[in-house]
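Visitor: Numbering follows full-length UniProt numbering, with no gaps: position 232 of the sequence shown is 232.
So that we are looking at the same thing, I have put the structure below in structure tokens.
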Amino acid sequence: MLSCDILIKNARILMSDMSIKENQTIVVYGTRILDILDSGAEDRNGGYHAETVIDDPHLLWMPGLTDGHLHTSQQFLRGSLLDEKPVIWKRINVPFEASLTEETMALSARLAGAEMIKSGTTSFVDAGGPHIEAAAEEYLKMGMRGALTWQTTDGAKVPDGLRIDTREALPRLERFHREYHGKGGLLQVYYSVTSLMACTEDLFRTIFLAAREQKVAAECHMNEYASEVLDFIERYGERPFSYLDRIGALSDRFVAAHCIMLSESEIQTVQERGIKVVHCPFSNCGKGIPQTPRLLAAGIPVAFGSDGAGHGGLDLFREMRAFRCIMNVAYGITTGNPEIMPAKTLLSMAMAGGAQALMNSSLGAIRRGNLADIIAIDLDKPHLMPTGSLVNTLIESASGADIKHSIINGKLVMKDRKLLTIDEEKVLAEANAGMKNHALFTKAGAYAG
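As structure tokens, this is what we get:
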């Protein structure tokens with residue numbers, strides 16, 4: 001009898017081609033999926049012994065989702081941004097983040113990690129924040145997989161707590177990369193600037209060119225607002241992607257968040273350079289509608305991001321459902337094509353698309369040899385069963401609340417909806433106490449006003 005760490009019997013699996021395989025056994029050993037067998041085949045071959053055995057025919061096993069654009073630092077902005085006018089990040093988010101301490105950033109990371117695990121997200125790309133080492137340590141303790149970066153900005157109107165000049169910014173990112181990239185087999189470090197319009201030309205040129213030279217992934221908020229693009233053109237005489245391409249800053253390791261306001265020439269540049277695009281549907285509704293059908297037709301990898309708790313939470317099932325509605329209204333109705341953004345495409349964006357944003361080809365699919373980042377949805381619920389198409393129902397009706405088990409890097413981090421690597425009750429108590437007792441977390445209302 002062979003040993004393994006986790007044995008999942010009688011499994012129903014969502015495959016990468018969006019077919020459903022029934023009566024399967026998933027064998028997890030170490031950090032990876034060792035094998036996938038027809039149920040019973042493992043016994044005929046001598047069998048596997050595992051300390052953890054999950055045998056529940058009511059579950060659907062699927063790859064964990066990747067949040068391609070998360071703001072760890074904004075967990076305490078929940079409920080503060082919904083009705084605010086643009087540009088929110090300048091007026092609210094930046095002043096709020098400048099007030100964070102190491103302790104409050106660590107607490108925000110614990111909250112974000114708990115929320116992600118409980119909603120089916122097993123990995124993420126953080127957009128950058130202050131005190132990022134504190135967040136990194138918390139994610140390591142929780143067993144979360146993710147890419148992290150310092151918030152890097154030197155704009156004239158940026159608060160002192162966040163502003164950093166070029167001479168300090170690159171060494172800080174390089175030091176963070178040395179200390180945390182690859183740590184625990186879970187963390188990656190990206191280079192980033194917050195936004196082209198929140199930085200001097202010297203800063204974003206230095207950071208992006210260093211990332212390309214050092215072969216480090218880079219990320220940035222790109223083409224999020226019409227006003228942002230117009231301001232950039234006025235300042236530099238060309239569109240953002242055109243400028244970055246001309247100076248040699250773009251590569252297939254560049255993650256571009258939002259990308260709502262793209263010109264045809266910019267779409268061509270994004271395609272040619274292999275750039276990874278991340279849409280944040282709920283957040284982006286107040287800014288514009290991306291040309292996603294055009295991007296996908298061009299073979300551009302597109303992932304989903306939550307844009308942080310301040311924009312309604314970290315549930316990517318909600319983001320997929322919202323995006324389906326947005327695309328149907330914007331493109332499906334006008335073309336008479338209800339399949340303009342089908343469920344299969346949406347799920348692929350959240351799984352395989354997210355894996356590309358994380359630069360990890362071993363994620364996004366349940367297959368032999370891949371990393372064991374997988375989740376189980378409890379289908380034994382009246383809003384999910386019976387169904388004529390389980391894939392469609394995942395988009396129409398499923399939510400993060402339906403996730404029953406979560407495995408990250410071969411470790412069970414949630415079982416029967418109980419978090420195993422963090423004390424959820426304690427974290428919520430700390431967060432609620434902090435919200436009531438510290439002026440920091442009530443400032444969001446003042447900023448918004």
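Glycine included, C-beta positions come from ideal geometry on N, C-alpha and C.
Contact defined as beta carbons within less than 8 Å: I believe Leu77 pairs with Ala309. What is the distance between those atoms, to the nearest angstrom?
Guide: Yes, Leu77 and Ala309 are in contact; Cβ-Cβ is about 7 Å, under 8 Å.
Visitor: What is the DSSP secondary structure of Leu196, reduced to helix, strand or coil?
Guide: Three-state DSSP puts Leu196 in a helix.
Visitor: Between Ser19 and Thr387, what straight-line distance do the alpha-carbon atoms span, to the nearest angstrom?
Guide: Using only the alpha carbons, I get a separation of about 15 Å.
Visitor: Would Asp55 and Lys21 qualify as a contact pair, given that the criterion is a beta-carbon distance under 8 Å?
Guide: In this structure, Lys21 does not lie closer than 8 Å to Asp55 by Cβ.
Visitor: Once DSSP output is grouped into helix, strand and coil, what is the label at Leu379?
Guide: It is coil, neither helix nor strand.
Visitor: Report the three-state DSSP secondary structure of Met144 (helix, strand or coil).
Guide: It is coil, neither helix nor strand.
Visitor: Mapping the DSSP letters down to three states, classify Ala446 as helix, strand or coil.
Guide: Note that Ala446 has pLDDT 45, beneath the 50 cutoff, so the model's placement of it is unreliable and the number below is only indicative. Helix.
Visitor: Just to confirm the assignment, what range does the alpha helix (DSSP H) spanning Ala325 have?
Guide: Looking at the sequence itself, residue 325 is Cys, so the reference to Ala does not match. 316–327 is the span of the alpha helix (DSSP H), which, as asked, contains Cys325.
Visitor: Evaluate Asp202 with the Cβ neighbour count: other Cβ atoms within 10 Å of its Cβ, from every protein chain shown; 16 or more gives buried, anything less gives exposed.
Guide: Classification for Asp202: exposed.
Visitor: Thinking Leu148 and Ala135 are a contact (beta carbons under 8 Å), I'd like their distance in whole angstroms, please.
Guide: Rounded, the Cβ-Cβ distance is 7 Å, consistent with contact.
Visitor: Mapping DSSP to helix, strand and coil, what is Lys436?
Guide: It is helical.
Visitor: My output table needs one value for Gly354: the three-state DSSP class, helix, strand or coil.
Guide: Gly354 falls in the helix class under three-state DSSP.
Visitor: Give the secondary structure of Arg32 by DSSP, where H, G and I count as helix, E and B as strand, and everything else as coil.
Guide: Strand, per DSSP.
Visitor: Determine the direct distance from the alpha carbon of Ile88 to that of Gly445, and round the result to whole angstroms.
Guide: Because the pLDDT of Gly445 is 44, which lies under 50, any placement of that residue in the model is unreliable, and the number read from its coordinates should be weighed accordingly. Rounded to whole angstroms, Gly445 to Ile88 spans 12 Å at the Cα level.
Visitor: Would you kindly report the start and end of the unbroken alpha helix (DSSP H) that includes Ile233?
Guide: 226–236 is the span of the alpha helix (DSSP H), which, as asked, contains Ile233.
Visitor: Could you tell me how far apart the beta carbons of Ile377 and Leu59 are, in whole angstroms, since I believe they sit closer than 8 Å?
Guide: 7 Å between Cβ atoms; contact.
Visitor: Could you give the DSSP three-state label for Glu22: helix, strand or coil?
Guide: It is a strand residue.
Visitor: Counting C-beta neighbours from all protein chains within 10 Å, is the total for Asp279 16 or more, i.e. buried, or is it exposed?
Guide: Before going further, note that residue 279 is His rather than Asp in the sequence given. The residue is buried, with at least 16 neighbouring Cβ atoms inside 10 Å.
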